[in-house]
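Here's the structure, in structure tokens; my notes come after.
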Ligand code: SF4
């Protein structure tokens, strides 16, 4: 039997399969953060972004569009199908994405840059696939497109293999999750060592520079990191090493509350409500400086924060980078 | 070709509306903190519970693997106890068997049962000329409001006392103040009369011991005790997944159920295995002494056996319906039973696909699950709902399911 799924799912899955990015971003755009760093394309340790942080400002612009349009409407399908029906309609994703604020683009793009800088400071040497890097396909897996994922994963692995790396360090816990638990089932002989960014920082946390932050911080544990990958104490250890005072939310570690991000594309309003509640839970800890370690959490919490709320929401990477600059 | 697009839009609207409903919000946040407190307190008081829960997982795994044998045994036990046992393959069969026993023009009192909701039992019996009363306070309120339950254990979780007073004032045709004690009292008076004048009492069961044919029913209000004890006929309608091999097993399942279902120690645990009887006069066994003279058990399949045979889903049948996962679900916390069809939350979504509604009803629910996994942390049976949701998504995307 054939099923017709909501347009947004079609678009995202097709974008991944055809363009190696859920939002069909160009490889050159995704890799632009690395220009000045001259990272090698080959090495033992592969720095893997999956284009996830880079994609965040665009997701938001699309979600904003969805929020104002009925998901069944023509306009909506045109907006969402932009890259796919490019030829028919003449709408270019560049135009559609043009509304994204430059400062948002810069901020999220620079997360990768900052992450790389922090690792360098800690003495890690690594390579990066640059504009060839493909998205991990985590959303194909999440959304049920597992058969497509099988073929797609092969292409991802080809790119990874070119690097000659034995170890992959993932910025996003979602990428780490699929590489660790899903890829071995799909691809024979997929034997890369999968590390999270947090793992690497944690191992050399003694070398981190102290960060003088006047306020305390509170950790939003990402579901994937805390429950699937069992990483939560590490975040606290890292923050302790840089001298930050950590407050705890009532629901934390393996009991953490989801940010609402996973349903953002299909149920954007509800996702915002859930994100907003989580922001409040976190603030109840007594700190309004929220740190997370997952691109989707970052974006969902930002989206859920009430208008006028002065809470600071950052990725741990951004926070640690303060130590690098100093 | 099945087009899900409109269903998703409709469902998204209902979720959005629910998430703006202040009653739901307040009620659930109260319920969530009370749940968390009671459970952590009682787990401290009864620290053997998690280990017992693990044992129950094993019992459940064994039971689901030998479902047919257990069913046969249980039916034989019920008959040996002078009850009558039936097996209903599906929804329609279950309703028809019940109606066959009850007939028309009867008054029926009913205990709370999710299976009853699944079958739309009350509505069916009413359509067929019977008067049916829900005796669980929450269900009674919903019966008057013509609504469906918003939580499996606290069905009227979303209705504050003011609204209860409103609907009672209208129904009882007298001023009922928005005072909880008063509200409880009027229902008590009304239903007491019903228990003793009704023809049939219907209940579910939390667990069934195949060796003895014992039906274990956990409750706090005492309504089940009355509804199953006072009328001359007692019908138990129970899903086949509630079967376990022995009475001892059943006790373990019951204890774990009530502990995680926020009972602490439940007010009542009813164990019913057959009709009421006496041999006090000349040792002649006579049925219907004080309790029911007739005792019927309808074992309902309705998709459960199919689920038991699916390796990826059989674990969903271990669900004790403690409701813990719902309290920990971020989607449920803001939308209550709107995230559900008959069964709610993530586990309810799996049940919707197989038992109550089918894949097409389940599809939008399947995609509103965050797959965040906190339900697994909470679940005493460690049911891996996110994995099942993933599997359902795959079947939906590629249309590889039967409806
Ligand atoms: S899935 Fe687990 S937590 Fe949820 S109701 Fe069933 S037994 Fe309880």
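Protein chains in written order, with our numbering: chain X, 1 to 326; chain F, 1001 to 1403. Positions of the beta carbon are idealized from the N, C-alpha and C atoms, including for glycine.
#1: Is residue 1395/F close to the ligand SF4? I mean its beta-carbon at under 7 Å from any heavy atom of the ligand.
#2: Taking only three categories from DSSP, how would you classify residue 247/X?
#3: When DSSP builds the beta bridges, which residues end up paired with residue 170/X?
#4: At the 8 Å Cβ level, is residue 294/X part of the contact set with chain F, yes or no?
#5: Determine the DSSP secondary structure at residue 1372/F, reduced to helix, strand or coil.
#6: Assuming residue 1254/F and residue 1216/F make a contact with CB atoms under 8 Å, what is their CB distance in whole Å?
#7: Inspect the CB distances between the region 1258 to 1278 of chain F and the region 1201 to 1219 of chain F and report whether three or more fall short of 8 Å.
#8: Name the chain F residues that come within less than 9 Å of residue 142/X, Cβ to Cβ?
#9: At which residue ranges does the region 238 to 293 of chain X contain complete beta strand (DSSP E) runs of 3 or more residues, listed in the order of the chain?
#10: Would you list the one or two residues that DSSP bridges to residue 4/X?
#11: Where residue 1111/F and residue 1203/F are concerned, what is the direct C-alpha to C-alpha distance, given to the nearest angstrom?
#12: From residue 183/X to residue 152/X, what does the alpha carbon distance come to, in whole angstroms?
#13: I'd like to confirm something about residue 1303/F: is its beta-carbon nearer than 7 Å to some heavy atom of the ligand SF4, or not?
#14: Using a Cβ-Cβ distance cut-off of 8 Å, determine whether residue 273/X contacts chain F.
#15: Below 8 Å between beta carbons: does that hold for residue 1236/F and residue 1297/F?
#16: Report yes or no: do three or more beta-carbon pairs, one from the region 1335 to 1352 of chain F and one from the region 1281 to 1293 of chain F, lie closer than 8 Å?
#17: Work out the CA separation of residue 128/X and residue 38/X for me, nearest whole Å.
#18: Quick check on DSSP: helix, strand or coil for residue 127/X?
#19: Using three-state DSSP, classify residue 133/X as helix, strand or coil.
#20: Name, please, each residue of chain F whose Cβ falls closer than 7 Å to the Cβ of residue 263/X.
#21: Thinking C-beta only, is residue 131/X closer than 8 Å to residue 30/X?
#22: Please report the Cβ distance between residue 186/X and residue 126/X, rounded to the nearest whole angstrom; I am assuming they are in contact, meaning their Cβ atoms lie under 8 Å.
#23: Counting Cβ pairs closer than 8 Å, one from the region 291 to 303 of chain X and one from the region 259 to 266 of chain X, do we hit at least three?
#24: Can you pull the chain X neighbours of residue 1398/F, defined as C-beta to C-beta under 7 Å?
#25: Spell out a yes or no on whether the region 1087 to 1095 of chain F and the region 1166 to 1178 of chain F are touching, meaning 3 or more CB-CB pairs, one atom from each, closer than 8 Å.
#26: Which whole-angstrom value describes the C-beta separation of residue 1331/F and residue 5/X, a residue pair presumed to lie in contact below a C-beta threshold of 8 Å?
#27: Is residue 322/X near the ligand SF4, judged by its Cβ being under 7 Å from some heavy atom?
#28: Under 8 Å by Cβ, that's how I've got residue 1240/F and residue 1071/F pegged, so tell me the actual separation to the nearest angstrom.
#29: Would you check if the distance between the CB atom of residue 284/X and the CB atom of residue 311/X is smaller than 8 Å?
#30: For residue 1234/F, which of helix, strand or coil comes out of DSSP?
#31: Could you give the residue range of the beta strand (DSSP E) that holds residue 219/X?
#32: Residue 1275/F: buried (16+ other C-beta within 10 angstroms of its C-beta) or exposed?
#33: In chain F, what lies closer than 7 Å to residue 267/X by C-beta?
#34: Given that residue 1374/F touches chain X, what residues does it touch there, using C-beta distances under 9 Å?
#35: Identify whether residue 311/X lies in helix, strand or coil by the three-state DSSP scheme.
#36: Whose CA, out of 1194/F, 1075/F, 1402/F, lies closest to the CA of residue 1243/F?
According to the structure data:
#1: no
#2: strand
#3: 48/X, 196/X
#4: no
#5: coil
#6: 5 Å
#7: yes
#8: 1371, 1390, 1393
#9: 289 to 292
#10: 1003/F
#11: 5 Å
#12: 11 Å
#13: no
#14: yes
#15: yes
#16: no
#17: 9 Å
#18: strand
#19: coil
#20: 1368, 1370
#21: yes
#22: About 25 Å; that fails the 8 Å criterion.
#23: yes
#24: 147
#25: no
#26: That belief does not hold up - the Cβ atoms of residue 1331/F and residue 5/X are roughly 20 Å apart, past 8 Å.
#27: no
#28: 6 Å
#29: no
#30: strand
#31: 217 to 219
#32: buried
#33: 1012, 1015, 1368
#34: 223, 227, 251, 254, 255, 256, 257, 258
#35: coil
#36: 1075/F
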